[in-house]
Structures are given as C-alpha cells and as structure tokens.
Amino acid sequence: MRILLVEDDLPLAEALTTLLLGSGYAVDVTHDGFSAETLIGAERFDLVILDLNLPEKDGLSVLRSLRGRKNPVPILVLTARGEPAERILGLDLGADDYMVKPFDVGEFEARVRSILRRQAGHHASEVQIGPVRFDMIARRFTVGDDPIDLPPRELALLELFFLRAGRVVGKEAIVQSLTSLEDSLSDNAIEQYVSRLRRRLGPHGLVLRTARGLGYMLERPGG
18 MRILLVEDDL PLAEALTTLL LGSGYAVDVT HDGFSAETLI GAERFDLVIL DLNLPEKDGL
78 SVLRSLRGRK NPVPILVLTA RGEPAERILG LDLGADDYMV KPFDVGEFEA RVRSILRRQA
138 GHHASEVQIG PVRFDMIARR FTVGDDPIDL PPRELALLEL FFLRAGRVVG KEAIVQSLTS
198 LEDSLSDNAI EQYVSRLRRR LGPHGLVLRT ARGLGYMLER PGG
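Numbered by the numbering used here, the letters in the sequence shown go through residues 18 to 240 in order.
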C-alpha cells in the first residue's frame, strides 16, 4: 500500500514516515499544497494524509480541488485546528476521516488501517482464502495458529494479492503500490517475489496464476 504524507511540520513528518515505513507501507512525503496536488495528479496513492495548515496552498483548498476534479483518493485530514465547523467543512468537502493534533499514535494507525480496508472493499479485519488468513490489523498471515513469516516486501505483495483476490494485478499496479518515488522495482524482482510466494502458498493449496502480458492473480479455491 502506498501513502502520500503531506505535512509541513518536519519533525512530525519524519516521525509519521518512520511509523508508516515500519508498518510496511511505501511512503512519499511532501510539505506544501502545490507539490501535493502535483504528486496526486501524477502518481497513484492508496491514501493521502493531509495536513490543513500548509504553505503555498492550504489543505482544504487541496481537498476542494481534488474532489472538484472527481479524484477519489482516500484522504485522512490532520490539523491542529479542531473547531467543529472546520471538521464539518473538511468532511463535507470529501475527507474520509479527520484527526486533531495532538493525537494518539495507536489511533492514527487504526484509522489508516480502517481507511485502507474500506478502500480495498473489505469491512472485516480479516481475510481468509483457503486455509490462509490475513489479519489486516496485525498485518500477519497465518495457517491455523502458525504464522507465515515473510520479508516486508513479500508481505506487502501478498497483502495486495489477498485484497484483490480473483482479479488480475498488473505489474504497474504492483510497482505503484509497493514503491515510493525513491524506490525502484524491476520486472525481474517482481517475478522473483512472485516465485517465492508461490513456494510459500503451494503447500496450502493457493495458486498465483500468471496472466500473460497482464500480471498475476491469486485464485480463490473453487473460483
């Protein structure tokens, strides 16, 4: 999952970036409204975390502009201004959620997970395919009581396949979801990750099918 953090408080931006990277998300960071709009127009994000008090162009103007162009990217607003009228305005303009600074880090992480679940079309906190379960809160795969231990990038890729099970996931979508602007992911690297996941999933009866020229699909048993 790829997140854009728009925050002009540099220490807070650094702390949130570290937190999100530690949870396995790909993170891009910018510090002003104009740059945020440019990035959102050029790149695909699963979530934008948007401060309101930004230089160049404030967060509400960015939000109004995005929704005016029918851009559906989920937006979590962060602000030090917590007046009810402003929260109402932000939500009416199309924000998906709203947090007032200072906030609890655990609640912040929970709200991020909640928005990403809704974005993927899942309302429960767990997805099960065959005998393999994915806990979206802990971001952990298990079979029965046994964990499936995966390196961060393979975990993120398997999460993507689970959330889009039964649908073809193209290589471009994989790159967009797993990397920030500072990262790169070659076709060969993707194929290596997919090969490793196949070896992990095969004993549990799960199949990662190659759709030639299109990408990959995690088949649902019996589907």
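Ideal placement from N, C-alpha and C gives every residue a C-beta, glycine not left out.
Within its chain, find whatever has a CB closer than 7 Å to the CB of residue i; leave out the 5 residues flanking it on each side and keep chain order.
{"i": "Arg128", "result": "Leu93, Asp114 and Met116"}
{"i": "Lys118", "result": "Leu95, Thr96 and Ala97"}
{"i": "Leu38", "result": "Val44"}
{"i": "Leu56", "result": "Leu21, Asp45 and Thr47"}
{"i": "Glu171", "result": "Tyr210, Arg213 and Leu214"}
What residues in its chain sit with their C-beta under 6 Å from that of residue i, if we drop five residues either side in the sequence?
{"i": "Val65", "result": "Leu21, Val90 and Ile92"}
{"i": "Ala53", "result": "Val23, Thr47 and Val79"}
{"i": "Arg61", "result": "Gln193"}
What's the C-alpha gap between residue i and residue j?
{"i": "Ser82", "j": "Gly107", "result": "12 Å"}
{"i": "Val44", "j": "Leu33", "result": "10 Å"}
{"i": "Pro72", "j": "Leu29", "result": "16 Å"}
{"i": "Thr47", "j": "Pro220", "result": "43 Å"}
{"i": "Pro164", "j": "Gly50", "result": "42 Å"}
{"i": "Lys188", "j": "Leu80", "result": "29 Å"}
{"i": "Met234", "j": "Ala137", "result": "16 Å"}
{"i": "Val224", "j": "Glu236", "result": "6 Å"}
{"i": "Gly41", "j": "Glu100", "result": "33 Å"}
{"i": "Pro210", "j": "Asp166", "result": "Pro is not the amino acid found at residue 210; the sequence shown has Tyr there. The alpha-carbon atoms of Tyr210 and Asp166 are separated by roughly 14 Å."}
{"i": "Phe151", "j": "Ser212", "result": "20 Å"}
{"i": "Gly232", "j": "Gly58", "result": "24 Å"}
{"i": "Thr227", "j": "Pro168", "result": "22 Å"}
{"i": "Gly183", "j": "Lys87", "result": "27 Å"}
{"i": "Ser142", "j": "Arg181", "result": "15 Å"}
{"i": "Ile105", "j": "Val185", "result": "38 Å"}
With DSSP run on the structure shown, which of helix, strand or coil describes residue i?
{"i": "Gly138", "result": "coil"}
{"i": "Asp109", "result": "helix"}
{"i": "Thr227", "result": "strand"}
{"i": "Arg170", "result": "helix"}
{"i": "Val94", "result": "strand"}
If residue i sits next to residue j, beta carbons under 8 Å apart, how far is it from one beta carbon to the other, in whole angstroms?
{"i": "Val122", "j": "Leu69", "result": "Wrong, their Cβ atoms sit about 20 Å apart, outside the cutoff."}
{"i": "Leu133", "j": "Asp63", "result": "6 Å"}
{"i": "Leu95", "j": "Glu24", "result": "7 Å"}
{"i": "Ser197", "j": "Arg19", "result": "7 Å"}
Within 8 Å of any Cβ in chain E, is that where the Cβ of residue i sits?
{"i": "Ile191", "result": "The structure shown contains no chain E, having only a single protein chain."}
Please go through the same chain and pick out, in chain order, the residues whose beta-carbon is closer than 8 Å to the beta-carbon of residue i, but skip the five residues on each side of it.
{"i": "Asp75", "result": "Gly50 and Leu69"}
Inter-stretch contact at 8 Å, needing at least 3 Cβ pairs: the segment 185 to 203 / the segment 140 to 154: Contact check between the segment 185 to 203 and the segment 140 to 154: fewer than three CB pairs, one atom from each, fall below 8 Å, which does not count as touching.
Cβ pair count under 8 Å reaching 3, the segment 172 to 181 against the segment 211 to 226: Yes, the segment 172 to 181 is in contact with the segment 211 to 226.
contact_flag[the segment 153 to 164, the segment 202 to 215] where n(CB pairs < 8 Å) is 3 or more: In short, these stretches do not touch, since the Cβ pair count stays below three.
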